[in-house]
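Numbering (the UniProt record's numbering), first residue to last: 1 to 297.
Using N, Cα and C, we set each Cβ at its ideal position, and we do this for glycine too.
Small disclaimer: the values here were computed from a predicted structure and weren't measured.
Take a look at the structure:
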């Protein structure tokens, strides 16, 4: 089955982001003035809304409550052009939330409350098995975004699932704290991993000085393709046919949360349009830099 109507399933967290920002450097224990915003977030959602901006058609496979926050979230996603028609709705689970504090020196702290997504488990994947996106006779064979907010048990199930064996899996950990959950997916022949340097080091069990070293190491350990970013330092894209690097544009950072998801979405969109690996890497780095430098309006 070719992917229905060009849809790109984004599997993982769709929740409310509560982000507090202070324009100067912050330290542990600081109490500072700033701005607090609430907006649709979660890795799957962040990637999906960036895919929309690049002209693609994402649909989210996630769990969203039927509580008032869930109804607001569905409306907000629809307003951003992200399809939620295949999302699992549960009346017995609250809509998930994420809270972060950012300063001029980056992310200070964050807590992700994705309990509902984890509890819903494999039920969120039903559209891939019941014919809406694919089934046993015709599994989905287009790009699929997969984020590490899913439970370890579900990620292990996905690693051996025939319903995703033909897909172009694009995988992101969601955070360094969840990177090790991806271990069952590391050596899948149809997987592309999007990691930052810290996440790559955790998965490899080795400290790296630079992104190219990390990407090359993971390929040597059996991964099919790995992209590694390192903030303002060079990023790398490694695969069996070689390694390429790219230098992120220099910008003054004004926001951090969502930058990696923007990088991933821009990269997927560029390759979906048929662009080369070097072009896609440069396009993704430019998109992420533009996001980081942008204001909050």
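Beta-carbon contacts of residue i that lie in its chain and below 8 Å, excluding the five residues immediately before and after
i: residue 166; result: 139, 140, 141, 190
i: residue 204; result: 214, 217, 218, 221
i: residue 296; result: Low local confidence applies: a pLDDT of 36 at residue 296 is under 50, so the model's placement there is unreliable, and no value is given.
i: residue 282; result: 246
i: residue 180; result: 202, 203
i: residue 33; result: 22
Cβ-Cβ distance between residue i and residue j below 8 Å
i: residue 8; j: residue 124; result: no
i: residue 47; j: residue 144; result: no
i: residue 155; j: residue 188; result: no
i: residue 251; j: residue 289; result: yes
i: residue 86; j: residue 59; result: yes
i: residue 195; j: residue 173; result: yes
i: residue 158; j: residue 102; result: no
i: residue 249; j: residue 286; result: yes
Coil, strand or helix - residue i by DSSP
i: residue 127; result: helix
i: residue 207; result: coil
i: residue 292; result: helix
i: residue 105; result: coil
i: residue 247; result: coil
i: residue 99; result: strand
i: residue 7; result: strand
i: residue 160; result: coil
i: residue 228; result: strand
i: residue 176; result: helix
i: residue 196; result: strand
i: residue 283; result: helix
Distance, residue j Cα to residue i Cα
i: residue 254; j: residue 24; result: 10 Å
i: residue 53; j: residue 81; result: 9 Å
i: residue 150; j: residue 84; result: 18 Å
i: residue 55; j: residue 271; result: 13 Å
i: residue 198; j: residue 132; result: 37 Å
i: residue 75; j: residue 208; result: 43 Å
i: residue 223; j: residue 62; result: 26 Å
i: residue 2; j: residue 262; result: Caution is warranted here: a pLDDT of 49 is assigned to residue 2, below 50, making its placement in the model unreliable, and no coordinate value can be reported.
Neighbour-count burial assignment, residue i, 16 or more Cβ in a 10 Å radius
i: residue 147; result: buried
i: residue 95; result: buried
i: residue 119; result: exposed
i: residue 206; result: exposed
i: residue 336; result: This structure leaves residue 336 out entirely; the chain is present only between 1 and 297.
i: residue 237; result: buried
i: residue 111; result: exposed
Nonlocal neighbours in the same chain, by C-beta distance under 6 Å from residue i, ignoring five residues either side
i: residue 258; result: 46
i: residue 280; result: 267, 270, 271
i: residue 66; result: 89, 91
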